[in-house]
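One structure is given here, and the rest of the page talks about it.
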Amino acid sequence: MFKTFLIKYGEIAIKGKNRHLFEDALVRQIRHALKKCDGEFNVYKEQGRIYVDCEGMYDYEETVGHLQHVFGIVGICPVMQVEDHGIEELGDSVIEFLTNVYDIDAQTFKVNTRRANKQYPIESMEVNAILGGRILDAFPNMKVDVHHPEILIHVELRESGKIFIYSKIIPGPGGMPVGTNGKAMLLLSGGIDSPVAGYMICKRGVKLDATYFHAPPYTSERAKQKVIDLAKKLTPYAGPINLHIVNFTDIQLYIYDKCPHDELTIIMRRYMMRIAEHFANETKSLALVTGESIGQVASQTMQSLAATNEVCSMPVFRPLIGFDKQEIIDVAEKIDTYETSILPFEDCCTIFVAKHPVTKPNLHIIQASEKKLSEKIDELVKTAIETTETVWVE
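Start counting at 1 in the sequence shown, then tack on 17, and there's your number in my numbering.
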């Protein structure tokens with residue numbers, strides 16, 4: 018029955034003179050998302066609305082599912098589209114719509130008409146009254162409720178001569194279209210937090226690349242594949258991701274050999290940030306993104322975060338900074354990364370964690386400890402960068 022979807026957006030509507038740029042970006046993202054669906058789709062904008070026309074056979078559930086991954090969409094409305102042949106035929110179409118979509122009983126309803134076609138000979142309020150009367154005649158058990166109707170029937174009279182009838186608004190993810198707010202580099206581990214951080218930053222219109230630190234033979238190929246799988250889980254929201262897989266083993270062993278063990282996590286983290294920033298600069302990313310949350314572990318105290326920030330010249334965004342663990346898990350379950358994240362393949366951070374890590378690192382002491390690495394660390398970092406494997410994930 019439904020051959021058209023009306024796409025509703027939120028924040029884009031207040032973008033003023035730049036609104037068309039955000040609309041165009043949303044259209045591009047919708048087209049990209051629907052490439053994975055069976056069927057042919059025509060995505061276009063018209064009079065402050067975005068539409069998806071489904072041409073020929075298509076899978077309704079699959080199509081809606083893909084649209085629900087597109088940031089910028091707040092509502093997906095399956096629409097019955099009819100030609101304007103007068104108010105009588107419009108009334109017939111509304112009756113047909115209700116008969117096909119609902120198991121009509123003694124429900125309450127309201128008709129809400131939007132008269133985008135200002136040449137239409139009948140005012141919106143009068144259209145509401147006429148159509149309401151037709152519905153009451155056709156379904157005597159139904160009643161009008163203008164405040165809290167069980168069925169809200171939307172009728173849009175378009176300038177093209179087409180009329181759209183819909184009543185269901187399927188929630189979208191909200192946010193802004195990916196790519197409208199630049200690009201960032203996500204430090205992606207195999208844990209629960211970093212994929213959620215990637216999702217959250219994408220929701221604000223940021224395009225993602227990612228860096229993962231691998232430590233063979235201490236971390237297995239299955240651990241690496243787990244991170245690739247997590248990146249794949251993000252792509253329905255984020256689009257394709259360049260995943261930089263850095264062999265971090267030699268750097269970690271050197272730090273382990275030369276530095277105090279209670280400072281291992283902080284110093285390793287600082288070198289991760291340096292390397293991630295290198296790739297961020299190469300790919301024209303504007304910031305780093307991590308999954309850190311204040312106080313969750315020793316490396317995420319205020320002092321520890323300040324110590325890792327100190328090595329970066331670009332901003333470090335932490336979308337989960339105020340979340341507790343359960344809130345993060347709730348989002349991970351929603352975006353289907355949780356079950357992958359808890360697979361028992363450890364990443365390099367968990368392998369080399371200190372038994373009693375420092376929780377309030379003194380920056381001057383950390384910098385003094387790093388001087389013990391001066392003989393070989395630059396060469397090791399250079400080798401790690403040069404041997405990095407880049408995987409295109411989509």
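Cβ coordinates follow ideal geometry from the N, Cα and C atoms, glycine included.
Cβ neighbours of residue i in the same chain (closer than 8 Å, five flanking residues each side left out)
i	result
Ile268	Met285, Tyr288, Ile394, Leu397, Val398 and Ala401
Asp76	Cys54, Asp55 and Gly56
Ile218	Ala201, Leu203, Leu225, Val306, Phe334 and Pro336
Val161	Thr125, Phe126, Lys127, Gly149 and Leu153
Ser110	Met97, Val99, Ile180 and Ile182
Pro257	Trp409, Val410 and Glu411
Per-residue DSSP class, three states only, for residue i
i	result
Leu270	helix
Pro95	strand
Asp41	helix
Glu105	helix
Thr400	helix
Lys179	strand
Tyr355	helix
Ala232	coil
Arg291	helix
Met285	helix
Asn117	helix
Tyr61	strand
Length of the line joining the Cα atoms of residue i and residue j
i	j	result
Leu115	Thr130	16 Å
Tyr229	Leu260	7 Å
Leu174	Arg132	5 Å
Glu238	Thr405	15 Å
Ala155	Tyr119	14 Å
Tyr216	Gln384	33 Å
Thr80	Pro188	14 Å
Asp347	Lys241	24 Å
Glu106	Asn117	16 Å
Lys25	His83	15 Å
Leu270	Pro374	17 Å
Gly207	Pro190	24 Å
Assigned exposure category for residue i - 16 Cβ within 10 Å defines buried
i	result
Leu380	exposed
Val163	exposed
Pro378	buried
Met193	buried
Ser330	exposed
Ala123	exposed
Ser310	buried
Lys243	buried
Thr282	buried
7 Å Cβ shell around residue i - same chain, five flanking residues per side excluded
i	result
Gly73	Gly56 and Glu57
Ile29	Arg36, Phe39, Glu40, Leu43 and Gly89
Tyr137	Leu174
Asn198	Arg221, Gly222 and Val223
Chain B within 7 Å of residue i, Cβ atoms only
i	result
Met202	In the structure shown, chain B cannot be found, because there is only a single protein chain.
6 Å CB neighbourhood of residue i in its chain, flanking five on each side removed
i	result
Thr325	Arg286, Arg287 and Met290
Contact test: residue i Cβ vs the ligand NAP heavy atom, cutoff 6 Å
i	result
Leu337	Because no ligand of any kind appears in the structure shown, any question about the ligand NAP cannot be addressed here.
Item to complete: Say whether the stretch 269-285 touches the stretch 382-389, bearing in mind that this needs 3 or more beta-carbon pairs closer than 8 Å, one atom from each stretch.
Response: Flag = yes, the stretch 269-285 and the stretch 382-389 touch.
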